[in-house]
Amino acid sequence: MRRSFLLVLILLLVLSFGCSDKEEQPSETIVPAEIEEQEEIEEEDLGPEPLVKAEKELPGAFMVSIDNHPKANPQSGLDKADRVYEMLAEGGITRYLAVFHSRGCEKIGPVRSARYYFAEIAKGHDFPLAHAGGSTDALSLIKKLKVKDLDEIYNSGSYFWRTKDRKMPHNLYTSTEQLLKGAQVKKYELLPLKPLPQGTVTGGKPVDLIEITYSNQPNFSYAVTYEWDGERYKRYINGKPHVSLEGGEIVTENVIVLAAKTRQYAQNNEPKTDIDIIGSGQALYFTKGQGFEGTWEKKKANTEIEFFYEGKPMEFVGEHAWINIVPNLDTVKMTEPEVLIN
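Written out as structure tokens, the structure is:
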């Protein structure tokens, strides 16, 4: 009996140790997997997404003339544009030329008329230009330069629409989908937006606030401000954040200011503006919280504007840019960061 009892006891002890080993094995394989997953999450936290995505959703870029009349604010699409030119139109009011390439946009506008210097900029990139008519000299130059034309009034009305929430002419819109349809019908070759020269930016003057005054008249004042927040430049109009109609904050990685000869006068009792885009002049470049004094040059209508610093191509950080064209650099005020003394 005693021998049988001892054999049973030994057998139970062996089975007990065997089960214990099998229960401990899974815990050794689970723990490393959990640690590895946490490390992957931490590595993915790389800060804000770039303003311009790497994968291009459009086969080529488009340029759209966008209204900036007070009755046209807020606009749609400016927060999704890759590059935006801003320059005077009439009466101290600016107008935008927005470039769309890296991503589509369902609503762009309000779309307005073109000026002849819009045609010169569009031809330099060789992008289709979407607009609603234009001045006589603009329409003539568009035809002469053979700009890829998407004109709502004369040849492409079906690719635009009007909304009922605003009065004409501040209620005309388009989309990248509609512009693609128009370009396909007209068999326009679509070209990519060339990247800004990239490099390690050093040697600039620390600047965290850029104020550009376009109009300071008793009946109308308009100033644009860019504020560096350590990552990007936030854009303000007359001290208020510039946001899209859909609520998108308008920010940029680079701010470019070009001084171009500008003439404002009356023609047939109507205000008119001429800007010499073909030529050269002084420039200010702002990237990564630094300001640089340089020059710009556009040799002819079918070449792009080139940016120079100390005689060499200016280098930037990031692809997204707002390009403000002004009569002279006296309209620009720069503020250095405050130095806190402990």
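Quick note on the working numbering: the sequence shown kicks off at -11 and runs consecutively.
The C-beta atom is built at its ideal place from N, Cα and C for all residues, glycine as well.
Query - Buried or exposed by the 16-neighbour rule on C-beta atoms within 10 Å, applied to residue 302 - result: buried
Query raised in the report: Would you report the Cα separation of residue 278 and residue 110, rounded to the nearest angstrom?
Result: 29 Å
Requested in this report: Starting from the Cα of residue 138, find the closest Cα among 77, 123, 209, 50 and give me that residue.
Outcome: 50
Query - residue 221 in three-state terms, based on DSSP - result: Looking at residue 221 - three-state DSSP - the assignment turns out to be strand.
Query raised in the report: Does the separation of the CB atoms of residue 118 and residue 141 fall below 9 Å?
Result: no
Query raised in the report: On the three-state DSSP scale, how would you describe residue 138?
Result: strand
Report task. Tell me the start and end of each unbroken alpha helix (DSSP H) in the stretch 123 to 196 that is at least 4 residues and wholly inside, in chain order. Result -> 124 to 133, 164 to 173
**Report entry** residue 136 versus 96, 178, 122, residue with shortest Cα-Cα distance
**Finding:** 178
Query raised in the report: Can residue 237 and residue 67 be called in contact, C-beta distance under 9 Å?
Result: The criterion of a C-beta distance shorter than 9 Å is satisfied by residue 237 and residue 67.
Query raised in the report: Among 276, 275, 296, which residue has its Cα nearest to the Cα of residue 285?
Result: Measuring from the Cα of residue 285, the nearest candidate turns out to be 296.
Query raised in the report: Are the beta-carbon atoms belonging to residue 122 and residue 144 less than 9 Å from one another?
Result: no
Query raised in the report: For residue 192, which of 57, 272, 311, 317 has the nearest alpha-carbon?
Result: 272
Requested in this report: Closer than 6 Å by C-beta to residue 74: which residues in its own chain qualify, once you throw out the five before and the five after it? Chain order, please.
Outcome: 82, 84, 312
Query raised in the report: DSSP three-state call for residue 317: helix, strand or coil?
Result: helix
Report task. Measure from the alpha carbon of residue 243 to the alpha carbon of each residue in 52, 199, 157, 190, then state which is nearest. Result -> Comparing Cα-Cα distances from residue 243 to each of 52, 199, 157, 190, the minimum goes to 199.
Query - Pair within 9 Å by beta-carbon distance, residue 45 and residue 103 - result: Not in contact: residue 45 and residue 103 (Cβ atoms no closer than 9 Å).
Query raised in the report: Which residue or residues does DSSP assign as beta-bridge partners of residue 272?
Result: 245, 281
Query raised in the report: Nearest to residue 147 by alpha carbon, out of 232, 164, 290, 250?
Result: 164
Query - Three-state secondary structure (DSSP) of residue 120 - result: coil
**Report entry** Cβ-Cβ distance between residue 216 and residue 71 below 9 Å
**Finding:** No, Cβ-Cβ distance for residue 216 and residue 71 is not below 9 Å.
Requested in this report: Determine the extent of the alpha helix (DSSP H) in which residue 108 is found, giving its start and end residues.
Outcome: 104 to 113
Report task. Determine, using beta carbons only, whether residue 95 and residue 158 come nearer to each other than 9 Å. Result -> no
Query raised in the report: residue 70 lies in the beta strand (DSSP E); which residues open and close that run?
Result: No beta strand (DSSP E) contains residue 70, which DSSP labels as neither H nor E.
Requested in this report: Tell me whether residue 208 is buried or exposed, calling it buried when 16 or more other Cβ atoms sit within 10 Å of its Cβ.
Outcome: Residue 208 is exposed by the Cβ-count criterion.
**Report entry** Three-state class that DSSP yields for residue 98 in the structure shown
**Finding:** coil
Report task. Write down the C-beta distance between residue 97 and residue 161 rounded to the nearest angstrom, noting that I regard them as a contact closer than 8 Å. Result -> 4 Å
Requested in this report: Classify residue 47 as helix, strand or coil using the three-state DSSP reduction.
Outcome: Coil, per DSSP.
Requested in this report: Run the CB neighbour count on residue 64, radius 10 Å, all protein chains shown included, and call it buried at 16 or more, exposed below.
Outcome: buried
Report task. Answer with buried or exposed for residue 314, where buried requires no fewer than 16 other C-beta atoms within 10 angstroms of its C-beta. Result -> buried
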